[in-house]
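**Q** Just passing along the structure, written as structure tokens.
Structure below.
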């Protein structure tokens, strides 16, 4: 989880503090580029393709981590 | 499966661009300075070439073709086929290649053909030109590819406005004996065409004042009318992640080539983020999959020749096996292995 959060923060190029409970939509400057960047990071690092329907369910960073690693 | 060509060579590649530029850092006020900074950092695209009013991609293709003619490699009178790949033709009818035939002084007996194709279009054009030559019908095909897509990009949509630019190219393919084998492979997913589309303005949904030209804004604050390019970045990226590596593997497999046997991966220059991803996914060094569109933007069907023209001008003895791969509207992906080691590549003309 810690490793995932680190990669997540690097990928979206944010200096905001990210915890498992951070609501993704509340991250400053979270936008469509962030979505694409996270999509590619997850595909490369976790060999997982995220679907739109899955992402719509995601609220927190922990939710995302659980989808990625399930 | 697949056809191996051994009777065609790519003799010359030239490109031409509008000298007019849009410097993306100036869009900070419109889209937010921090968002603009991040997009430029990810895509590495800092400027776009933008076609001015009154000009179209065909004008720049003509200048690129003239560059090839003026070098003495071939004369217009020797051209017996002219292909124009574009999504931004001069007319609904006729095909723009007819106008190019006349403007360039290509003989009346030449075959003239437009192909409506986007980012995979350069590879399609190489394939069709190769077919025309290997069939024996043509000896010298002038293959032009270019778009003035910025005319269809919403100024209120940062996803496309920060990425898409204009560029044009001309490539000469010539009959040759015992050329190095080239092969092509294709993949189409028409069921996902709405991921990258201009929904209205042609015949299915014609222009209708007050309907197709009305602005609407999505959840990211990006605005469009139905007559602008709509891109679903996530949908396109999922397509790229799924299809490109598989098609590259299929193409190389057909010639029994390993990744190491390829001298250059000339990919569609979508943006640096996608190329970086593909280099890792396919498993090649980033240096073998270069990005050269920093000052032009993603120039759709012209992006592959423009990269070659920008980074490989001259003759390149080491470019014996080049994997060219385009992906985008359709959604479609096309890949081919070609030999460029005898190809005269001209630097881009800015006009």
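Protein chains in written order, with the working numbering: chain Y, 11 to 80; chain B, 11 to 361. Every residue, glycine too, gets a C-beta built ideally from N, C-alpha and C.
1) Show which residues of chain B have a CB atom less than 9 angstroms away from the CB atom of residue 69 of chain Y.
2) In this structure, how does DSSP classify residue 227 of chain B when only helix, strand and coil are distinguished?
3) At a CB-CB cut-off below 7 angstroms, which residues of chain B make contact with residue 3 of chain Y?
4) Given that residue 345 of chain B touches chain A, what residues does it touch there, using C-beta distances under 7 angstroms?
5) Quick check: residue 178 of chain B and residue 156 of chain B, are their CB atoms within less than 8 angstroms of each other?
6) Please confirm whether residue 299 of chain B has its beta-carbon closer than 8 angstroms to some beta-carbon of chain Y.
7) Taking all protein chains shown into account, decide if residue 22 of chain B is buried (16 or more other Cβ within 10 angstroms of its Cβ) or exposed.
8) By Cβ distance below 8 angstroms, which residues in the same chain neighbour residue 56 of chain B in space, the five residues on each side in sequence not counted?
9) At a Cβ threshold of 8 angstroms, is residue 37 of chain Y touching chain B?
10) Residue 149 of chain B to residue 171 of chain B, Cα distance in whole Å?
11) With H, G and I counted as helix, E and B as strand and the rest as coil, what does DSSP make of residue 148 of chain B?
12) Tell me the rounded alpha-carbon separation between residue 247 of chain B and residue 46 of chain Y.
13) On the three-state DSSP scale, how would you describe residue 109 of chain B?
14) Do residue 34 of chain Y and residue 71 of chain Y count as a contact pair if the criterion is CB distance below 8 angstroms?
15) Could you spell out where the beta strand (DSSP E) holding residue 31 of chain B opens and where it closes?
16) How long is the line joining the alpha carbons of residue 168 of chain B and residue 316 of chain B, rounded to whole angstroms?
17) Cβ of residue 13 of chain Y less than 8 angstroms from any chain B Cβ?
18) Excluding the 5 residues flanking residue 258 of chain B on each side, which residues of the same chain have their C-beta closer than 7 angstroms to its C-beta?
19) For the stretch 267-299 of chain B, which residues have a beta carbon sitting closer than 9 angstroms to at least one beta carbon of chain Y?
20) Helix, strand or coil for residue 343 of chain B? Go by DSSP, reduced to three states.
21) Using CA atoms only, rank isn't needed, just tell me which of B:109, B:125, B:250 and B:38 is closest to residue 53 of chain Y.
22) Between which two residues does the alpha helix (DSSP H) carrying residue 124 of chain B extend?
23) Going by DSSP in three states, residue 129 of chain B sits in which element: helix, strand or coil?
24) Using a Cβ-Cβ distance cut-off of 8 angstroms, determine whether residue 49 of chain B contacts chain Y.
**A** Concretely, from the data shown:
1) Your numbering for residue 69 of chain Y matches position 59 in the first chain. Under the 9 angstroms cutoff, chain B gives no residues; its nearest Cβ is about 15 angstroms from residue 69 of chain Y.
2) By 1-based counting over the second chain, the position of residue 227 of chain B is 217. In the structure shown, residue 227 of chain B sits in a strand (DSSP, three-state: E or B).
3) For chain Y, the structure presents residues 11 to 80; residue 3 of chain Y sits outside this window and is missing.
4) Absence of chain A from the displayed structure is noted, the protein chains being Y and B.
5) As a first step, residue 178 of chain B must be located in the second chain, where it is residue number 168. As a first step, residue 156 of chain B must be located in the second chain, where it is residue number 146. Yes. Within cutoff.
6) Walking along the second chain from the start, residue 299 of chain B turns up at place 289. With 8 angstroms as the cut-off, residue 299 of chain B does not count as an interface residue toward chain Y.
7) By 1-based counting over the second chain, the position of residue 22 of chain B is 12. That one is buried.
8) Here residue 56 of chain B is taken as the residue at index 46 of the second chain, counted from 1. Excluding positions up to five away in sequence, the list reads 33, 34, 35, 50, 304 and 305.
9) Mapped onto the first chain, residue 37 of chain Y falls at position 27. Answer no: the Cβ-Cβ gap between residue 37 of chain Y and chain B never drops below 8 angstroms.
10) Position 139 of the second chain, counted from the start, is the residue given in the question as residue 149 of chain B. Position 161 of the second chain, counted from the start, is the residue given in the question as residue 171 of chain B. Going from the Cα of residue 149 of chain B to the Cα of residue 171 of chain B covers about 40 angstroms.
11) Within the second chain, residue 148 of chain B is the residue found at index 138, counting from 1. In the structure shown, residue 148 of chain B sits in coil (DSSP, three-state: anything other than H, G, I, E or B).
12) Here residue 247 of chain B is taken as the residue at index 237 of the second chain, counted from 1. Here residue 46 of chain Y is taken as the residue at index 36 of the first chain, counted from 1. Cα to Cα, residue 247 of chain B sits roughly 7 angstroms from residue 46 of chain Y.
13) In the second chain, residue 109 of chain B corresponds to position 99, counting from 1. Helix at residue 109 of chain B.
14) Taking the first residue of the first chain as position 1, residue 71 of chain Y is located at position 61. Taking the first residue of the first chain as position 1, residue 34 of chain Y is located at position 24. Yes, the Cβ-Cβ distance between residue 71 of chain Y and residue 34 of chain Y is below 8 angstroms.
15) Here residue 31 of chain B is taken as the residue at index 21 of the second chain, counted from 1. Note, residue 31 of chain B: beta strand (DSSP E), 31-33.
16) One-based indexing of the second chain puts residue 168 of chain B at position 158. One-based indexing of the second chain puts residue 316 of chain B at position 306. Looking at the two C-alpha atoms, the distance is approximately 23 angstroms.
17) Residue numbering aside, residue 13 of chain Y sits at position 3 when the first chain is read from its first letter. No, residue 13 of chain Y does not count as interfacial toward chain B.
18) If you number the second chain from 1, residue 258 of chain B lands on position 248. Shown here for residue 258 of chain B: same chain residues with a beta carbon closer than 7 angstroms to its own, the five before and five after excluded, namely 292, 333, 335 and 345 in chain order.
19) 283, 284, 286, 287, 290 and 291
20) As a position in the second chain, residue 343 of chain B is number 333, starting the count at 1. Correct three-state label for residue 343 of chain B: strand.
21) Indexing the first chain from 1 puts residue 53 of chain Y at position 43. Residue B:250 is the option with its Cα nearest to residue 53 of chain Y.
22) As a first step, residue 124 of chain B is located in the second chain; it is residue number 114 there, counting from the start. Careful: residue 124 of chain B lies outside any alpha helix (DSSP H), inside the beta strand (DSSP E) at 121-126.
23) Residue numbering aside, residue 129 of chain B sits at position 119 when the second chain is read from its first letter. Note: residue 129 of chain B maps to coil in three-state DSSP.
24) Residue mapping note: residue 49 of chain B aligns to position 39 of the second chain, counting from 1. Closer than 8 angstroms: yes.
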